[in-house]
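Report on the structure given below.
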Amino acid sequence: MDFNERSAYPHPDDFKVMRPEYTELEDGYFQATITIAPFRVTGRSVTKAGARRAALYEAAKTYRSYHPSYRVESPYPDEFVDQEGIHWRRVPEMQREQLGDYVFIDEEGEEDYADIETMLLWDVRPAPVEAEEED
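Numbering (the numbering used here), first residue to last: 600 to 734.
In structure tokens form, the structure reads like this:
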């Protein structure tokens, strides 16, 4: 990371320590707003925690617009199973613009795609990894 790049926009880690303000929207979603005056980021999701994660992802994307060398990390591992048992896999970088960021198998058994913003909106979360017992 190049700390020589300067802008007034706060680093994404600065937003992580701020308490979001939550609003329940009419459509049943939650919106999280995180403010570091005069800057503000928002995120929407079906849960408050998901809305916060969406806002933090927006902070990282905005920071990148000020600092092109900053690499926005995916909030998800390259491959995982979510809390509903759905297997997700990261799409190769060259295909992401056309297909989306992740591929999964939907309820009909068909391969489908979603971008990170949609996954955050749906509040997709990796299932907790259980420690394997030794014999």
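No residue lacks a Cβ here, since even glycine has one placed at the ideal position from N, Cα and C. This structure is a prediction, so every number in the text was calculated from the model and none was measured.
Per-residue DSSP class, three states only, for residue i
{"i": "G627", "result": "coil"}
{"i": "Y665", "result": "helix"}
{"i": "G642", "result": "strand"}
{"i": "M600", "result": "Unreliable placement is indicated for M600, whose pLDDT of 47 sits below 50; no coordinate value is reported for it."}
{"i": "R652", "result": "helix"}
{"i": "P691", "result": "coil"}
{"i": "E657", "result": "helix"}
{"i": "E710", "result": "strand"}
{"i": "E729", "result": "coil"}
{"i": "E683", "result": "coil"}
{"i": "Y608", "result": "coil"}
Residue i versus the options, residue with shortest Cα-Cα distance
{"i": "I635", "options": "T622, Y628, M617 and V645", "result": "M617"}
{"i": "D612", "options": "G708, Y621 and Y669", "result": "Y669"}
{"i": "Q682", "options": "G699, E696 and W721", "result": "W721"}
{"i": "A658", "options": "R695, F614, E692 and A607", "result": "F614"}
{"i": "F638", "options": "R651, T661 and Y621", "result": "T661"}
{"i": "R724", "options": "E678, E696 and E620", "result": "E678"}
Beta-carbon gap between residue i and residue j smaller than 7 angstroms
{"i": "A654", "j": "V640", "result": "yes"}
{"i": "A726", "j": "V680", "result": "yes"}
{"i": "D700", "j": "I685", "result": "no"}
{"i": "G649", "j": "L719", "result": "yes"}
Delimiting residues of the alpha helix (DSSP H) encompassing residue i
{"i": "E716", "result": "I715 to W721"}
{"i": "P674", "result": "Taken as a continuous stretch (DSSP letters only), P674 belongs to no alpha helix (DSSP H), as it is neither H nor E."}
{"i": "D612", "result": "P611 to K615"}
Start and end residues, beta strand (DSSP E) containing residue i
{"i": "V702", "result": "Y701 to I704"}
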